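Trainee:
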Amino acid sequence: MKGISKLQGKWGVGAGQFWLIILTFALGGSLSGRVTSFLLKLLFLEKNWAFWLVYPLFLTILWPFSVIFISFFTGQFRFFKGYLGRVAGKLFGSAPIHVAIFASGAGSNARKIIEYFENSSRVKVSLIVCNVPGAGVLDIAKEKGIPTLLINKSEFVSTGYVQSLRNAEINFIVLAGFLWKVPEVLVRSYKDAIINIHPALLPKYGGKGMYGAHVHEAVIAAGEKTSGITIHWVNEHYDEGAIIFQATCSIEPGDTPTDLANKIHALEHAHFAPTIEKLLMK
Ligand code: GAR
2 MKGISKLQGK
12 WGVGAGQFWL
22 IILTFALGGS
32 LSGRVTSFLL
42 KLLFLEKNWA
52 FWLVYPLFLT
62 ILWPFSVIFI
72 SFFTGQFRFF
82 KGYLGRVAGK
92 LFGSAPIHVA
102 IFASGAGSNA
112 RKIIEYFENS
122 SRVKVSLIVC
132 NVPGAGVLDI
142 AKEKGIPTLL
152 INKSEFVSTG
162 YVQSLRNAEI
172 NFIVLAGFLW
182 KVPEVLVRSY
192 KDAIINIHPA
202 LLPKYGGKGM
212 YGAHVHEAVI
222 AAGEKTSGIT
232 IHWVNEHYDE
242 GAIIFQATCS
252 IEPGDTPTDL
262 ANKIHALEHA
272 HFAPTIEKLL
282 MK
C-alpha cells in the first residue's frame, strides 16, 4: 500500500486515475503480446530459436503503441504521452529537461535564467508559475513567449498543481522569489527536483516572513558585516533543505537595505543559472 501511494505521489494522480493508469499498462501489455504473436505467426512456421530471438524485439517496439492506443479508451492519453516522452528522453538522452520557474514578483532572477538557457538544447524553461496577478515576471514570460500558470492558494495547498506540471512535462522546479510555502504534495512529487534561492546566508535569516526586503532589513539591523545568497533544495519546511551553493558579499558601514538588496541581486544574477546548469548536467 505504501508503494501505491508513493507511485500516486510521483505521478501526481488520485486513486481513481491511478487504477486507470494501471489498467492501461495491463491492457496495453497484453495487446502488444497478442499482436506480436499474431505477426510472428505470419513470419515463422514454428516457434524455433529465431522466433524467440525476434519476439522480445517486436514486443518492445509494439508496446508503446499499444499502451497509447489503449490510453485513448481509458482517458489517459495525456498521462501516457508525458510518461512515454520521459522514458524516451531517458533512453535516448535527447529530450530537453523542462524547467518551471515559480516567482511572485519582479522576476529579475527569472529573466536571467530564461536568457541563460535561451539557446540551450538540453535545458528549456517551459513554464512560469506565478501567484500574483500583474506581477512583473508575467510580463517577462510574455516577452519571451513562455507559457504561464497563475495559481491560487487553496488549489496549490491541496494539489500542488502537480497534474498541470506533469501535463507541461516539467522535470525540474526553480523557485526564484516565490513567496508561498511549497506544499508536501509537490515536494513528494518532485523529489530532489525543486530548488530555491534565498537572499541571505542560511541557516540565518530564513523561515516564515523572511523574504525580500525583510531579510535585508533584519541583516542590517543585526549589524552583520557580511551577507550573501543561498541556493538550496526544497523540503516541506521554509528554507531548511540541504544547501547547494552559497556566495557572500560585504556590508559596508552606512549600507542601507536597498544597497544590500542590490549587492544580493548581483550575486544571484551571477550564480543562480550556472548553479542550475551544474545540477541538471550532472
Ligand atoms: C530575490 O532576491 C530572492 O532571493 C528573494 O526574492 C527576490 C526576488 O527577486 N527570495 C526570497 O526572499 C525567498 N524567501 P526577483 O523577483 O527580482 O528575482
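All the letters of the sequence shown, read from the start, carry residue numbers 2 to 283 under the working numbering.
A virtual CB, placed ideally from N, CA and C, is assigned to each residue, including glycine.
Keep in mind that this is a model prediction, so the values were computed, not measured.
Taking the Cβ atom as the reference point for each residue, do residue 180 and residue 230 lie within a distance shorter than 8 Å?
Mentor: Against a cut-off of 8 Å, the Cβ pair of residue 230 and residue 180 comes out as no contact.
Trainee: My guess is that residue 37 and residue 66 are in contact by the Cβ rule of under 8 Å, so how many angstroms apart are they, rounded?
Mentor: No, residue 37 and residue 66 are not in contact; Cβ-Cβ is about 11 Å, not under 8 Å.
Trainee: On the DSSP letters alone, give me the boundaries of the alpha helix (DSSP H) that residue 175 sits inside.
Mentor: No alpha helix (DSSP H) contains residue 175, which is instead part of the beta strand (DSSP E) from 173-176.
Trainee: Rounded to a whole number of angstroms, what is the C-alpha to C-alpha distance between residue 51 and residue 131?
Mentor: Residue 51 and residue 131: Cα-Cα distance of roughly 57 Å.
Trainee: Is residue 57 buried or exposed, if buried means 16 or more other CB atoms sit within 10 Å of its CB?
Mentor: So residue 57 ends up on the exposed side.
Trainee: Return the residue from the list 115, 210, 219, 89 that minimises the CA-CA distance to residue 170.
Mentor: It is 89.
Trainee: By DSSP, does residue 246 sit in helix, in strand, or in coil?
Mentor: Note: residue 246 maps to strand in three-state DSSP.
Trainee: Quick check: what's the CA-CA separation for residue 242 versus residue 47?
Mentor: Between residue 242 and residue 47, the C-alpha separation is close to 60 Å.
Trainee: To which residues of the same chain is residue 204 closer than 8 Å at the C-beta, ignoring the five residues directly before and after it?
Mentor: Taken in chain order, the residues that qualify are 240, 241.
Trainee: Hey, residue 318 and residue 196: beta-carbon distance below 8 Å or not?
Mentor: Lying before the first or after the last residue shown, residue 318 is absent from the chain, which here runs from 2 to 283.
Trainee: Mark residue 264 as exposed unless 16 or more other C-beta atoms lie within 10 angstroms of its C-beta, in which case mark it buried.
Mentor: The residue is buried, with at least 16 neighbouring Cβ atoms inside 10 Å.
Trainee: Which runs of the beta strand (DSSP E) at least 3 residues long sit entirely within the segment 99-159? Give them in chain order.
Mentor: As far as the segment 99-159 is concerned, its whole beta strand (DSSP E) runs of at least 3 residues are 124-131, 149-151.
Trainee: If you pair each beta-carbon of the segment 269-279 with each one of the segment 98-110, do three or more pairs fall below 8 Å?
Mentor: Output reads yes: the segment 98-110 touches the segment 269-279.
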